[in-house]
Amino acid sequence: MTDLRGPPDDRSVDDLLSFGVVNLDKPPGPSAHQVAAWVRDMTDVERAAHAGTLDPKVTGCLPTLLGDATRMAQVFLEGTKEYVSVLELHGPVPSDFDAVVAEFEGEVYQKPPRKSAVSRRLRSREVYDLDVLEVRDRQALLRIRCESGTYVRKLCHDIGLAAGTGAHMGHLRRTATDPFDDTSLSTLYDLSDALAFAEEGDESVLREVVAPAERALSHLPHVTIAYSAAEQVAEGAPVYAPGVFDADDADRGSLVACVTPDDAAVCLGHLVGDPDADSGEVVSLERVLI
1 MTDLRGPPDD
11 RSVDDLLSFG
21 VVNLDKPPGP
31 SAHQVAAWVR
41 DMTDVERAAH
51 AGTLDPKVTG
61 CLPTLLGDAT
71 RMAQVFLEGT
81 KEYVSVLELH
91 GPVPSDFDAV
101 VAEFEGEVYQ
111 KPPRKSAVSR
121 RLRSREVYDL
131 DVLEVRDRQA
141 LLRIRCESGT
151 YVRKLCHDIG
161 LAAGTGAHMG
171 HLRRTATDPF
181 DDTSLSTLYD
191 LSDALAFAEE
201 GDESVLREVV
211 APAERALSHL
221 PHVTIAYSAA
231 EQVAEGAPVY
241 APGVFDADDA
251 DRGSLVACVT
261 PDDAAVCLGH
271 LVGDPDADSG
281 EVVSLERVLI
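Per the UniProt record's numbering, the sequence shown starts with residue 1, numbered consecutively.
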């Protein structure tokens with residue numbers, strides 16, 4: 001019989017570290033991979049993985065998954081990202097600058113940079129919101145809400161061309177990646193201090209810094225399944241209709257999180273059937289989390 005996790009809020013510190021997530025404030029300098037390695041060594045877990053790469057100079061929201069939670073890294077490949085960027089214009093800011101920037105809201109076409117790990121084919125990405133927060137001399141502070149995979153550096157270059165001055169991206173900070181934002185960030189120093197306090201018997205600080213891994217799934221539709229169904233999932237079986245207790249509204253094919261009645265994560269999968277049906281497959285497995 002498979003040992004299922006208990007309710008997220010009732011776990012021991014060891015259980016939290018073996019299936020947890022830190023909403024990390026990445027410092028400038030190290031790569032995202034290096035930061036994840038530091039977190040792994042600090043927490044003494046077998047595995048740690050960052051969720052969504054940030055270049056070495058970029059700071060901000062870098063959710064970092066601990067232990068078995070590394071299996072869910074794929075959930076951050078989709079969803080909305082938000083950035084604040086300094087646009088360095090190569091000439092005086094034109095009088096119609098706000099109107100120029102507004103033209104880049106919506107669908108944009110980009111080719112990945114030469115150093116990118118993906119194929120350099122032209123592709124489209126959606127820029128949901130693009131706001132000019134402040135203009136000073138030849139600098140503009142931009143807030144960008146966009147689809148995952150948008151190259152902000154290329155966006156800044158193209159805005160410069162459209163403005164007629166040329167421009168490049170200065171400092172870049174990620175302020176959100178679904179479902180995390182910069183209101184709950186913790187630094188590496190915060191994590192180090194929290195671990196030290198926990199060693200001395202005060203777990204409260206660590207529980208503020210390390211959240212149960214289910215926090216990383218809060219933006220996905222949830223399917224609540226029976227404990228018996230969860231045990232079958234642990235053996236590789238998909239989720240069948242008789243084992244479904246409840247389900248959020250979701251489109252067929254959507255990525256969903258399956259949880260037990262006490263909200264413990266069981267698996268990630270795609271909705272392939274009707275949760276209200278009497279029989280048939282409802283969720284096909286993508287990642288088993290127990």
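We put the CB at the ideal spot given by N, CA and C, even for glycine.
Could you give the DSSP three-state label for D98: helix, strand or coil? Of the three classes helix, strand and coil, the one that applies to D98 here is helix, per DSSP.
Pull up the distance between the alpha-carbon of V233 and that of G160, whole angstroms please. Taking the straight line from one Cα to the other gives about 52 Å.
Counterpart residues of D25 in DSSP-defined beta bridges: C61.
Using 8 Å as the threshold, is the stretch 212 to 220 in touch with the stretch 274 to 287, meaning 3 or more CB pairs across them? In short, these stretches do not touch, since the Cβ pair count stays below three.
Residue range of the unbroken alpha helix (DSSP H) whose run includes E126: First-last for E126: 123 to 136, but that is the beta strand (DSSP E), not the alpha helix (DSSP H).
Check whether the stretch 251 to 263 touches the stretch 4 to 22, counting contact only when three or more Cβ pairs, one atom from each stretch, lie closer than 8 Å. Between the stretch 251 to 263 and the stretch 4 to 22, the count of Cβ pairs shorter than 8 Å is three or higher; the stretches touch.
In terms of residue numbering, what span does the alpha helix (DSSP H) encompassing Y189 cover? Taken as a continuous stretch (DSSP letters only), the alpha helix (DSSP H) holding Y189 covers 188 to 199.
Three Cβ pairs or more, each shorter than 8 Å: is that satisfied between the stretch 223 to 241 and the stretch 178 to 189? These segments do not touch.
Of all the options G60, Y240, H171, T43, which has the alpha carbon lying nearest to the alpha carbon of A51? When each option's Cα is compared against that of A51, the closest is G60.
Cβ neighbour criterion (16 or more within 10 Å) applied to F97: So F97 ends up on the buried side.
Using 8 Å as the threshold, is the C-beta distance between R153 and Y83 below it? With contacts defined as CB atoms closer than 8 Å, R153 and Y83 fail to qualify as a contacting pair.
Check for me: the beta strand (DSSP E) holding L161 runs from which residue to which? Per DSSP, L161 belongs to no beta strand (DSSP E); it is in the alpha helix (DSSP H), 152 to 163.
Per DSSP, D181 forms a beta bridge with which residues? Under DSSP, D181 forms a beta bridge with A176.
For T70 and S95, I'd like the C-alpha separation in whole angstroms. Rounded to whole angstroms, T70 to S95 spans 48 Å at the Cα level.
Which whole-angstrom value is the C-beta distance of V283 and V223, which I expect to be below 8 Å? Contact annotation, V283 with V223: C-beta distance approximately 6 Å; criterion of less than 8 Å satisfied.
Comparing alpha-carbon positions, which option in A230, D246, A250, V244 lies nearest L289? Just measuring C-alpha positions, the residue of A230, D246, A250, V244 sitting nearest L289 is A230.
Would you mind working out which of E78, F104, H171, V135 sits nearest G91, comparing C-alpha positions? In terms of Cα proximity to G91, the closest of E78, F104, H171, V135 is V135.
With distances taken from CA atoms, which of L66, E199, N23 is nearest A37? The residue with the shortest Cα to Cα distance from A37 is L66.
Can you give the Cα-Cα distance for G170 and T43, rounded to whole angstroms? G170 and T43: Cα-Cα distance of roughly 33 Å.
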